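> Here you go, one structure.
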Amino acid sequence: ADSSGAPNSRTENSRELFERASRIVPGGVNSPVRAFRSVGGTPRFMVSGAGCRMTDADGNTYVDLVCSWGPLIVGHAHPHVIDAVGRAAAKGTSFGTPTPGEVALAEELTARTGVDKIRLVNSGTEATMSALRLARAATGRTKIVKFAGCYHGHVDPLLASAGSGVLTLALPDSPGVVGTDETIVLPYNDVDAVKRAFAENPGQIACVITEAAAGNMGVVAPRDGFNRELAAIAHADGALVILDEVMTGFRVSKNGWSGYSGDTADLYTYGKVMGGGLPAAAFGGRDELMSRMAPEGPVYQAGTLSGNPLACAAGLATLELCTDELYAKLDATSVTLQGLATKALAEAGVPHRVSTAGNMFSVFFTDADVPNLEAAQTQDAAAYRAFFHAMLDRGVYLPPSAYEAWFVSGALDDDALGLIADALPHAARAAAKVAK
Ligand code: PLP
């Protein structure tokens with residue numbers, strides 16, 4: 002991989018690993034989008050990362066614009082994070098008792114977000130699952146509202162018209178899932194649909210759950226006032242609002258979308274950045290709700306590894322680096338990349354829309370506005386496929402699906418931006434060749 006455009010496409014070792022994996026792991030991967038099904042080709046097996054770059058099993062290096070799907074906001078193997086994890090590991094990997102590290106992380110999270118109380122879990126899926134249980138318990142209601150294209154992890158009742166891998170694989174739902182009959186799925190950014198849902202189900206809806214800003218159908222920001230209006234409608238009926246900040250939390254600002262936009266909710270879920278690349282997530286809210294959780298209250302939720310010392314150390318060390326200066330850099334880098342992508346695609350005559358939510362963005366291969374999933378699905382998937390592979394061959398790792406956010410890290414340096422700038426016109430021309 003270099004800026005002269007030399008191919009970066011040796012794949013023998015990744016191919017062999019993928020074949021071995023495919024014999025014993027469904028689809029060869031432990032999370033579906035990693036399999037490259039929507040872009041085709043061999044998934045690259047990564048062996049190391051440093052800063053904004055990662056290296057695969059064939060020795061190809063890539064500038065990383067996925068950042069492990071969000072967590073690596075300071076880049077790979079940041080010395081401060083690695084040092085914290087190493088020191089924690091040397092003292093023991095898990096105790097199954099409370100530890101000082103989880104107190105420190107919880108204090109940092111509550112200080113940043115203003116929520117009264119927080120509970121640590123291992124994944125975003127667990128966070129939304131638990132927040133949903135709490136919302137149902139607190140209201141004594143069972144129905145829930147979610148938005149098409151919003152992904153909240155693979156929680157059964159939330160796996161209806163979800164985004165992310167489900168969208169990429171075009172599974173409207175999944176076999177084996179139960180409980181979606183209590184789920185009302187509405188178009189994103191449609192306040193009237195929210196009003197109608199409450200009018201048709203008075204006193205029955207426990208909560209509305211929404212991504213604080215959608216990032217799993219590609220990035221689609223809430224229209225100005227959308228989150229506030231849906232909260233007002235929900236509250237008027239006695240329902241709660243869960244803002245899912247798993248992707249946006251500590252990424253678009255020091256606390257997340259809530260801090261960035263002023264949108265508030267009854268319960269919040271967090272993940273990704275707060276674990277610094279190790280498994281940690283959380284849900285939180287005001288005392289009156291969170292004190293219903295066991296052992297303080299009757300709502301059960303638990304975890305053998307919850308608040309794991311390594312994960313807490315990685316999360317806290319990462320958040321220590323999440324300063325105003327870092328966010329200023331992320332915002333500027335994001336704007337630079339958006340400009341480079343726009344220029345290259347416009348020059349090649351490829352229909353596109355750059356869609357942003359704070360420093361998160363994605364490029365939709367369509368010339369329609371994208372306020373919701375239906376519009377996102379007007380994309381030209383073949384154009385993205387060609388674009389993706391041309392970038393990959395030139396050493397830029399983009400999300401292997403057109404329905405995902407591009408993530409910047411504070412580690413992106415001028416060399417990396419130069420490499421991306423050089424690669425983009427080639428990729429744009431590759432997309433133009435196949436564009437509808
Ligand atoms: N919520 C949102 C908004 C997400 O983006 C994700 C994952 O991408 C999740 C929840 C699920 O988190 P996890 O993959 O850690 O279970």
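Here the sequence shown is numbered in UniProt numbering, starting from 2 and rising by one per residue.
We treat Cβ as the ideally placed atom computed from N, Cα and C, and that holds for glycine.
Quick caveat, the model's predicted, so the values are computed rather than measured.
#1: Grab me the residues of F227's own chain with a C-beta within less than 6 angstroms of its C-beta, minus the 5 sequence neighbours each way, in chain order.
#2: With a threshold of 16 other CB atoms inside 10 Å of the CB of Y328, please say whether the residue is buried or exposed.
#3: Just tell me which of G239, A237, D264, L241 has its CA closest to the CA of T249.
#4: Which residue marks the beginning of the alpha helix (DSSP H) containing E230, and which one marks its end?
#5: Alpha carbon to alpha carbon, how far is I145 from G239? Give it in angstroms, no decimals.
#6: Inspect the beta-carbon positions of E103 and L121 and report whether they are closer than 8 angstroms.
#7: If you measure from the beta carbon of P401 to each beta carbon in chain C, is any gap under 8 angstroms?
#8: Please classify A207: does DSSP put it in a helix, a strand, or coil?
#9: Any idea what DSSP makes of T94, helix, strand or coil?
#10: Relative to the ligand PLP, what is the chain-ordered list of residues with a Cβ closer than 5 angstroms to any of its non-hydrogen atoms?
#11: Measuring CB to CB, does A431 end up less than 8 angstroms from R395?
#12: Can you tell me whether A303 is buried or exposed, with buried defined as 16 or more other CB within 10 angstroms of its CB?
#13: Specify whether the stretch 126-140 and the stretch 265-272 touch according to this definition: at least 3 beta carbon pairs, one from each stretch, less than 8 angstroms apart.
#14: Hey, is the stretch 297-314 in contact with the stretch 386-401, meaning 3+ C-beta pairs nearer than 8 angstroms?
#15: Is T184 near A161, with beta carbons less than 8 angstroms apart?
#16: What is the rounded straight-line gap between the Cα of A403 and the Cα of V364?
#17: Quick one: any contact between the stretch 401-420 and the stretch 31-41, if contact means 3 or more CB pairs under 8 angstroms?
#18: Can you name the start and end residues of the alpha helix (DSSP H) that G316 belongs to?
#19: Quick one: which unbroken beta strand (DSSP E) runs of 3-plus residues sit fully inside the stretch 6-77? Chain order, please.
#20: What's the gap between the Cα of L331 and the Cα of E201?
Short version:
#1: Cβ neighbours of F227 within its own chain (closer than 6 angstroms, five residues either side excluded): N190.
#2: buried
#3: D264
#4: Segment 227-237, the alpha helix (DSSP H) holding E230.
#5: 13 angstroms
#6: yes
#7: Structure shown: chain C not included; a single protein chain is present.
#8: strand
#9: coil
#10: S124, G125, T126, H153, G154, E212, D245, V247, M248, G272
#11: no
#12: exposed
#13: Judged by Cβ distances under 8 angstroms, the stretch 126-140 makes contact with the stretch 265-272, as three or more pairs qualify.
#14: no
#15: yes
#16: 8 angstroms
#17: yes
#18: 310-322
#19: 47-51, 54-57, 62-65
#20: Using only the alpha carbons, I get a separation of about 43 angstroms.
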